[in-house]
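With the numbering used here applied, the sequence shown corresponds to residues 4 to 85, in that order.
Don't be surprised by glycine CBs; every beta carbon is placed ideally from N, CA and C.
Owing to the predicted nature of the structure, the values given are computational and were not obtained by experimental measurement.
One structure below.
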Amino acid sequence: MEDTILTGLYDDLEGVESMLERIEAAWSEQMPGEPCPTIEYELLADRDWEREWMDDFTPCAWASGYGSCPVGTNRPRPRPLT
């Protein structure tokens, strides 16, 4: 079985145990006879999450000639529109 990583951000861990119980029950229903994989979780220290993602933000291309580029990064010279 392949490992799966699911990341979710919540205010705290309140209700996590009941959520895990629901996941395990759904697993048992969908995968009878297969043991539910171990589910690990951790509480992360609070951060300025609105800005945290920017640390790893890099230029992105969405379509031919369209994309985003953070200020201060080396970006390719724009092509003239034709």
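Taking C-beta separations shorter than 8 Å and ignoring five residues to either side along the sequence, the partners of W52 in its chain run L12, following chain order. No Cβ-Cβ contact shorter than 8 Å links I42 with L16. The C-alpha of C72 lies about 17 Å from the C-alpha of E55.
DSSP links C63 through a beta bridge to S71. Non-local C-beta neighbours of W30 in its own chain, meaning closer than 6 Å and more than five positions away in sequence, comprise C39, ordered along the chain.
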